[in-house]
Amino acid sequence: MIDLPEIDRTSRLSAVRRAMSDYSIENFLTVDGVSIRWLSGFTGSAGKLLIATSSNHLLTDGRYADQASREISGTDIELFVGNEKQQKEFIVTRMRSCKTLTLEADRITWGAVEELKEEVEVDVLPSNGLISDLRQVKDPAEVARIEAAASIADNALAQLLPNLSRQPTELEFARALDTAMFDLGAEALSFETICASGPNAAAPHARPSSRVIRARDLVVIDFGAVIDGYHSDMTRTYIVGDTDQSSWDMVNSVTEAQERGCEVIGPGVEACDVDEACRSHLTNRGLGEYFVHGTGHGVGLEIHEAPWINGKSSEVLEEGHVVTVEPGVYLPGVGGVRVEDTVLITSSGFRRLTSAPKDSIV
Numbered sequence: 005m006i007d008l009p010e011i012d013r014t015s016r017l018s019a020v021r022r023a024m025s026d027y028s029i030e031n032f033l034t035v036d037g038v039s040i041r042w043l044s045g046f047t048g049s050a051g052k053l054l055i056a057t058s059s060n061h062l063l064t065d066g067r068y069a070d071q072a073s074r075e076i077s078g079t080d081i082e083l084f085v086g087n088e089k090q091q092k093e094f095i096v097t098r099m100r101s102c103k104t105l106t107l108e109a110d111r112i113t114w115g116a117v118e119e120l121k122e123e124v125e126v127d128v129l130p131s132n133g134l135i136s137d138l139r140q141v142k143d144p145a146e147v148a149r150i151e152a153a154a155s156i157a158d159n160a161l162a163q164l165l166p167n168l169s170r171q172p173t174e175l176e177f178a179r180a181l182d183t184a185m186f187d188l189g190a191e192a193l194s195f196e197t198i199c200a201s202g203p204n205a206a207a208p209h210a211r212p213s214s215r216v217i218r219a220r221d222l223v224v225i226d227f228g229a230v231i232d233g234y235h236s237d238m239t240r241t242y243i244v245g246d247t248d249q250s251s252w253d254m255v256n257s258v259t260e261a262q263e264r265g266c267e268v269i270g271p272g273v274e275a276c277d278v279d280e281a282c283r284s285h286l287t288n289r290g291l292g293e294y295f296v297h298g299t300g301h302g303v304g305l306e307i308h309e310a311p312w313i314n315g316k317s318s319e320v321l322e323e324g325h326v327v328t329v330e331p332g333v334y335l336p337g338v339g340g341v342r343v344e345d346t347v348l349i350t351s352s353g354f355r356r357l358t359s360a361p362k363d364s365i366v
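Okay, so the sequence shown: first residue is 5 according to the numbering used here, each after it adds one.
Okay, structure coming up:
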């Protein structure tokens, strides 16, 4: 059992109410599981969270009655249990003396919005990013969970890395790595583990195959663990045995580019500048055209969330942001290299949460 600090959800509800006041939002409804979990602690797959003028209500059905009661205990959220029709009637009743109901527009389907409009006698309004913006800055309890997940991934890789030289298939190595993370305490995988070798590594999101990992291969391993809903994300690239100079140059160039990005990163830095630091280094090494994705993304209750680190991003990094820095190059028919860490933005710069060594030879 991993000892984790308690999460203060009361302060999160207060932050949402302040944001509602700032944007003149009278009532707010979210049906998104991630937003609901962040605010209430409820982890069920069917729920609605209504933040009204003077009350907060979690609505779910009988399958989750006991679970919801336990998970929202200690918050200022009241529980309503009923079927879908009863939940709609509850919302309609609560809105009778109101003028507007604002939805988390980027987290609800168009069909659900249209259905709700037919039920309530108030103006239904959109709001984009109300909760996801607040979720960007992680509190110490969240950082502890991400760091615990990262530690599990680090340790699992350390256990399995010698196996690369024993000619496993990509699938065999990926599955062994998954098992090791679960054995070390992961509750889930951040995503399907990537283990791509030789020419397969030229695909940024390659899926593990039955290809045998051979001597002289470049092997890209991208993986992560989940602890209490929070993800980690890390990529390392290894050379099995000795290899040619061009492969060495690719690995060294990407590793250096990742370090350049980390040197730039810190509070007050524009995300696009981090991308530019990585991209310009690879361009100077003649590899810029093979860097085909953004440099990074936020990590938390979702494996990919704001802020986004790419050349078009106008977002400014803040203390408490947890982001990846992951430049890569991909040569079709040849192979690829990616190096990635999950890092915490601190008051003076950054701190790596993933710490597996970047020594490339296995």
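By construction, the Cβ of each residue, glycine as well, lies at the ideal position given by its N, Cα and C atoms.
Boundaries of the beta strand (DSSP E) harbouring residue 302: 300 to 302, taken from the DSSP string. By the C-beta density criterion, residue 16 is buried, having at least 16 other C-beta atoms within 10 angstroms. Contact annotation: residue 104 and residue 127 have beta-carbon atoms nearer than 8 Å.
A straight line joining the alpha-carbon of residue 157 with that of residue 20 spans about 33 Å. In the three-state reduction of the DSSP assignment, residue 314 falls in the coil class, being assigned neither a helical nor a strand state. In the three-state scheme derived from DSSP, where H, G and I count as helix and E and B as strand, residue 68 is classed as helix.
Annotation for residue 187: the continuous alpha helix (DSSP H) segment containing it runs 174 to 187. When DSSP states are grouped into helix, strand and coil, residue 27 belongs to the coil group. When DSSP states are grouped into helix, strand and coil, residue 229 belongs to the strand group. A Cβ-Cβ contact shorter than 8 Å links residue 346 with residue 303.
If you check the CB distance, residue 225 and residue 240 come in under 8 Å. Excluding residues up to 5 positions away in sequence, 296, 297, 332, 334, 340, 342 lie with their Cβ nearer than 8 Å to the Cβ of residue 208 in the same chain. Per the coordinates, the alpha-carbon of residue 180 lies some 22 Å from the alpha-carbon of residue 232. Residues of the same chain with a CB within less than 7 Å of the CB of residue 264, apart from the 5 flanking positions on each side, are 281, 282, 285 in chain order. For residue 328, the beta-bridge partners assigned by DSSP are 346.
Going by DSSP, residue 356 is part of the beta strand (DSSP E) stretching over 354 to 356. Non-local C-beta neighbours of residue 210 in its own chain, meaning closer than 7 Å and more than five positions away in sequence, comprise 198, 200, 204, ordered along the chain. Around the beta carbon of residue 219, a 10 Å sphere encloses fewer than 16 other beta carbons of the protein chains shown; the residue is thus reported as exposed. From the listed residues 228, 279, 322, 287, the smallest Cα separation to residue 313 is found for 279. Runs of the alpha helix (DSSP H) lying entirely within the region 33 to 114, each at least 4 residues long, are 37 to 44, 69 to 75, 88 to 98 in chain order. Restricting attention to 74, 191, 92, the CA atom closest to the CA of residue 124 is found in 92. When DSSP states are grouped into helix, strand and coil, residue 16 belongs to the helix group. If you check the CB distance, residue 222 and residue 41 do not come in under 8 Å. For residue 127, there is no enclosing alpha helix (DSSP H); the enclosing beta strand (DSSP E) covers residues 127 to 131. Rounded to the nearest whole angstrom, the C-alpha separation of residue 159 and residue 26 is 45 Å. As a beta-bridge residue in DSSP terms, residue 200 pairs with 224.
Put simply, of 13, 82, 136, 149 the residue whose alpha carbon is nearest the alpha carbon of residue 6 is 149. Using a Cβ distance threshold of 8 Å, residue 348 and residue 269 do not count as a contacting pair. In terms of CA proximity to residue 325, 354 leads the group 77, 114, 83, 354. Contact annotation, residue 307 with residue 186: C-beta distance approximately 17 Å; criterion of less than 8 Å not satisfied. In the structure shown, the three-state DSSP call for residue 308 is coil. DSSP places residue 243 inside the beta strand (DSSP E), whose first and last residues are 238 to 243. Pairing residue 153 with residue 235 gives a Cβ-Cβ distance under 8 Å. Beta-bridge partners assigned by DSSP to residue 339: 335. Counting C-beta pairs with one atom in each stretch, the region 71 to 86 and the region 168 to 179 have fewer than three that are closer than 8 Å, which means they do not touch.
Annotated three-state conformation of residue 216 is strand, per DSSP.
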